[in-house]
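Everything below concerns the one structure shown next.
In our numbering, the protein residues as written are 6 to 323.
As structure tokens, then:
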């Protein structure tokens, strides 16, 4: 009994080995290039949205306040794992310290949970804008926006604190090889040398609370929006409403689709190779696509960029 405790205690604070795809060097180099491109585009795109929303007074609206929160979240989300994954892919050093692993799990879970709730808040904002246009400005006031955003962030970090603590307290009995590029909850649970039924049940309950409940609220919001759009007599008004909501719907589909496929299954049935690819998608590809989705067809952002660049004497020319 004493030996088991010592082994579990030592394994709890030693380095982890991130196996990733180290057995396939060519795939590893390909993924290194893809991760580098995705991470760079994510930083540039999301930083642009934050700066433009802050500098242009016409974008000081609830929609762009929440979008700036989402962009800041995506920057933090990818930064919490992007550089570490690049270092791992680009060198023979595949380990991560215990504290580094704890920090990565905590941050990824915190920001993932926050994004789930933030996307639901953004759907509520779109519902108010389309279904209650005459009262929208008074209804979605600054104080309410701050309260909704703060609630999303606090709930995300609170849930992560609970899940991270429960998972990292499990004995590993010397196991330290993580079949992944990064420290993620399902992969860490597979290292446990004890019964993880309670942890799996808690993770499933958390996934229902942070994935299915917000998704249900989003679907209800867009159900009301669809009814309101169909009642509009103006074709131009319908098109404007649809354009306003289409970007958000695409982001919701990408994020919730991959997150649900990852977390609404027991870790015992967790496919390692599939889990790696899904994780890369929602931690790197989705944050990269978010600013592109929100800006490509967004005339307000295009106009704001032109106004900001127009204030620059160098951009105006002689």
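All residues carry an ideal CB built from backbone N, CA and C; glycine is no exception.
- Does the pairing of the stretch 205 to 214 with the stretch 105 to 112 give three or more beta-carbon distances under 8 Å? no
- Message: Just verifying my parser: in three-state terms, what is the DSSP assignment at residue 111?
- Response: helix
- Nearest-angstrom Cα distance between residue 186 and residue 45? 18 Å
- Pair within 8 Å by beta-carbon distance, residue 40 and residue 90: yes
- Alpha carbon to alpha carbon, how far is residue 154 from residue 102? 32 Å
- Whole-angstrom distance between residue 62 and residue 312, CA atom to CA atom: 11 Å
- Query: In the DSSP assignment, what residue or residues form a beta bridge with residue 100?
  - Reply: 22
- Message: If contact is defined by three or more beta carbon pairs under 8 Å, each pair taking one atom from either stretch, is the stretch 211 to 222 in contact with the stretch 119 to 133?
- Response: yes
- Which residue or residues does DSSP assign as beta-bridge partners of residue 183? 23
- State yes or no: is the C-beta of residue 249 within less than 8 Å of the C-beta of residue 131? yes
- residue 224: which of 159, 236 and 257 sits nearest, CA to CA? 257
- In the structure shown, what three-state DSSP assignment does residue 176 receive? coil
- Can you list, in chain order, the residues of its chain whose CB lies under 8 Å from that of residue 306, leaving out five sequence neighbours each side? 54, 57, 64, 299 and 300
- Query: Which residue comes first and which comes last in the alpha helix (DSSP H) that contains residue 197?
  - Reply: Where residue 197 is concerned, there is no enclosing alpha helix (DSSP H), given that its DSSP letter is neither H nor E.
- Return the first residue and the last residue of the alpha helix (DSSP H) that residue 237 is part of. Neither: residue 237 is in no alpha helix (DSSP H) and is coded neither H nor E.
- Query: Hey, how far is the Cα of residue 144 from the Cα of residue 129?
  - Reply: 12 Å
- Query: What's the gap between the Cα of residue 159 and the Cα of residue 98?
  - Reply: 35 Å
- Taking just the CA atoms, how far does residue 267 sit from residue 38? 24 Å
- Message: For residue 176 and residue 198, which I take to be in contact (beta-carbon distance under 8 Å), what is that distance rounded to the nearest angstrom?
- Response: 6 Å
- Task: Leaving out five residues on either side along the sequence, give the residues of the same chain with a beta carbon under 7 Å from the beta carbon of residue 260.
- Result: 120, 124, 287 and 291
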